[in-house]
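Note that the protein sequences, when read in sequence, are chains H and R. The first sequence begins at 1 in the working numbering and counts up one residue at a time. The second sequence begins at 1 in the working numbering and counts up one residue at a time. Glycine included, every Cβ here is placed at the ideal spot set by N, Cα and C.
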Amino acid sequence: MVAQQDALITQMRRGTLQYCVLALLADEERYGFDLVRGLAEMDGMVTSEGTIYPLLSRLRRDGLVESNWQESPSGPPRRYYRLTDSGRAALDAFRLEWRRFRDAVDNFVERKA
Amino acid sequence: MVASNADKLVAEYLKALDSELRGLPRSRRGELTQEISEHIAEARSGLEADDEAGVREILERLGPPAEIASAEDPAGPARAGWTEVVALILLPIGGIIVPIVGWVVGAVLLWVSDAWSTKDKLIGTLLFPGGLLIPLALLFLAEESGGCGSVVNPQLQPQQGALSCPPADGVGAWEILVMAALVIVPLMAIAYLAQRLMRPPAAPA
Numbered sequence: 001m002v003a004q005q006d007a008l009i010t011q012m013r014r015g016t017l018q019y020c021v022l023a024l025l026a027d028e029e030r031y032g033f034d035l036v037r038g039l040a041e042m043d044g045m046v047t048s049e050g051t052i053y054p055l056l057s058r059l060r061r062d063g064l065v066e067s068n069w070q071e072s073p074s075g076p077p078r079r080y081y082r083l084t085d086s087g088r089a090a091l092d093a094f095r096l097e098w099r100r101f102r103d104a105v106d107n108f109v110e111r112k113a
Numbered sequence: 001m002v003a004s005n006a007d008k009l010v011a012e013y014l015k016a017l018d019s020e021l022r023g024l025p026r027s028r029r030g031e032l033t034q035e036i037s038e039h040i041a042e043a044r045s046g047l048e049a050d051d052e053a054g055v056r057e058i059l060e061r062l063g064p065p066a067e068i069a070s071a072e073d074p075a076g077p078a079r080a081g082w083t084e085v086v087a088l089i090l091l092p093i094g095g096i097i098v099p100i101v102g103w104v105v106g107a108v109l110l111w112v113s114d115a116w117s118t119k120d121k122l123i124g125t126l127l128f129p130g131g132l133l134i135p136l137a138l139l140f141l142a143e144e145s146g147g148c149g150s151v152v153n154p155q156l157q158p159q160q161g162a163l164s165c166p167p168a169d170g171v172g173a174w175e176i177l178v179m180a181a182l183v184i185v186p187l188m189a190i191a192y193l194a195q196r197l198m199r200p201p202a203a204p205a
């Protein structure tokens, strides 16, 4: 049962992670390292930082984010990511669904006696 | 410059990652390795160059190379597009449709595609150049000269000298074998390339 629960948590994390990436990009563009550390700061969201890069590549391929290279004040150029229009639409749609889902679950599991 | 232990740790990590990414198309493999390497460089910019413990922590946070490799979208860039499909059609029969040029176009498409590794591309190119053009041409010439004297097409006469007349009782066994190999090997190479497009083997359709 515990193993099953762990698997479920992992799946929930995996499923929601990409929307967290989109949300981090909602207001500003960020470069890879900054984005990865931003996600990792939140406890319980990312266990291996390196796995974010394959996710970013998939979001790019799916057209939800786009990237461009910019000079960095120190060191080599950085790849900056920003939301595309369809990325923004995907994020908005997820926000609505997520709120409904979260409220519905909270309604049961957080019910005060 | 002497490499510090910290540098060695990073080099080992990147090497392990690169080998875990073997199954990916070369361009994607290089891109991901480069991103991870830049991540490490960025994280190290706040550390002393020889801060071994600091580097260990960075690598630990990145996670095991195998985990990063398994996060790559399995159905990723290897998916077959029109380039791959056209290449697989032109390699065997392109040379027949437009002699030589058709095959060359197929080979070029094979090499520009991201979906195959260099090894796959070598197999596709060398087994056999021209695709089915060579066996077809041989068959054609053999037929033409088959009668040994009863030439139907006089234009082919100059080429006859180059071809030995088959034995009286027809085509020899090893000629059939060579012919069969010339037909089967390129078809097998194409089947191999097509199967490589269906990666990963973990998820057979």
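Contact set between H:Val21 and chain R, taken where Cβ atoms lie within less than 9 Å
Correct list: empty, because the minimum Cβ distance to chain R is about 13 Å.
In terms of alpha-carbon separation, which member of H:Leu91, H:Ser74, H:Pro76 lies closest to H:Arg114?
The structure shown has nothing for residue 114 of chain H, since chain H only spans 1 to 113.
Does the ligand GTP have even one heavy atom less than 8 Å from the beta-carbon of H:Arg14?
In the structure on display, the ligand GTP does not appear, and there are no ligands present to speak of.
Is R:Gly54 closer than 9 Å to R:Leu62 when the C-beta atoms are compared?
no
Select from the stretch 24-46 of chain R all residues with a C-beta closer than 8 Å to any C-beta belonging to chain H, and list them in chain order.
Arg28, Glu31, Leu32, Glu35, Ile36, Glu38, His39, Ala41, Glu42, Ala43, Ser45
Please classify H:Trp121 as buried or exposed, where buried requires at least 16 neighbouring CB atoms within 10 angstroms.
Within the shown structure, residues of chain H are numbered from 1 to 113, placing residue 121 of chain H beyond reach of any answer.
CA nearest to the CA of H:Val21, picked from H:Asp103, H:Arg60, H:Ser74, H:Trp69
H:Arg60
What's the C-alpha gap between H:Leu25 and R:Thr118?
37 Å
Drop a sphere of 10 angstroms on the beta-carbon of R:Ala66, count the other beta-carbons inside from all chains shown, and report buried for 16 or more, exposed for fewer.
exposed
Counting pairs of beta carbons, one from the stretch 69-83 of chain H and one from the stretch 8-15 of chain H, are three or more of them closer than 8 Å?
no
Cutoff 9 Å: R:Ile184 Cβ touching any chain H Cβ
no
By the three-class DSSP mapping on this structure, what secondary structure does H:Glu69 have?
Correcting the residue type first, residue 69 of chain H is Trp in the shown sequence and not Glu. Reduced to three states, the DSSP call for H:Trp69 is strand.
Residue-level contact to chain H via CB, R:Gly76, 9 Å cutoff
Model confidence at R:Gly76 stands at a pLDDT of 49, short of 50, so the residue's coordinates are unreliable and nothing is read from them.
Does the beta carbon of R:Arg61 sit closer than 9 Å to a beta carbon anywhere in chain H?
yes
If I measure Cβ to Cβ from R:Ala189 and keep anything under 7 Å in the same chain, skipping five residues before and after, which residues do I get?
Ile123, Gly124, Leu127
Under 8 Å by Cβ, that's how I've got R:Val105 and R:Leu90 pegged, so tell me the actual separation to the nearest angstrom.
6 Å
Strictly by DSSP, which residues pair up with H:Tyr31?
H:Tyr80
Taking C-beta pairs closer than 8 Å, name the residues in chain R that H:Ala40 reaches, listed in chain order.
Arg61
By the criterion of Cβ-Cβ separation under 8 Å, what are the contact partners of H:Phe33 in chain R?
Glu38, His39, Glu42, Ala43
For the structure I just gave you, are there three or more beta carbon pairs, one from the stretch 36-45 of chain R and one from the stretch 101-109 of chain H, closer than 8 Å?
no
What do you get for H:Thr47, buried or exposed, if any count of 16 or more other CB atoms within 10 angstroms of its CB means buried?
exposed
Do you know offhand how far H:Thr51's Cα is from H:Phe108's?
33 Å
Short Cβ contact (9 Å threshold) for R:Trp111 with R:Gly131:
no
Pick from H:Arg79, H:Pro73, H:Tyr80, H:Asp62 that is closest to H:Ser86, judged by C-alpha positions:
H:Asp62
Can you give me the C-alpha to C-alpha distance between R:Val86 and R:Leu109, rounded to a whole angstrom?
8 Å
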